[in-house]
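In this text, residue positions in the sequence shown follow the numbering used here: the first is 244, and each later residue adds one.
Beta carbons are placed, not taken as given, at the ideal position from N, Cα and C, and that holds for glycine.
Everything on this sheet refers to the single structure shown next.
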Amino acid sequence: MEASDAVFTKHALDVLEEREIERRWVLQVVAHPELLVLDAEDTELLHVLARVPDMGGRVLRVIYNRTVIPVRIITAYFDRTMRWKL
């Protein structure tokens, strides 16, 4: 899967702007995750996490629908609970 092919939902675009998260960071995490976690409630969703060097190593969690092509980015946020776990 080419991360550059990903589609962003309106919600994802809204939260990226609100949380000052760059699209390139999201695409980088999707392409090169450090951790993958299946969603506990929806098996179509995958959580991918990775540190973002531009943000001092903060961990970005990206949730996307893995069953469609191209993948659909649902949301993204910096996950404080994972800061020292990756």
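Contact check, residue i vs residue j, beta carbons under 8 Å
| i | j | result |
| --- | --- | --- |
| V291 | V314 | no |
| R294 | L329 | yes |
Alpha carbon of residue i to alpha carbon of residue j, nearest angstrom
| i | j | result |
| --- | --- | --- |
| M298 | E260 | 16 Å |
| L279 | L289 | 7 Å |
Simplified DSSP state of residue i, which is helix, strand or coil
| i | result |
| --- | --- |
| A255 | helix |
| A319 | strand |
| R266 | helix |
| A293 | strand |
Residue closest to residue i, alpha-carbon to alpha-carbon, out of the options
| i | options | result |
| --- | --- | --- |
| W327 | Y320, I316, Y307, R301 | R301 |
| I264 | M325, A319, D248, T324 | A319 |
For residue i, the first and last residue of its enclosing beta strand (DSSP E)
| i | result |
| --- | --- |
| I306 | 301-308 |
| L281 | 278-281 |
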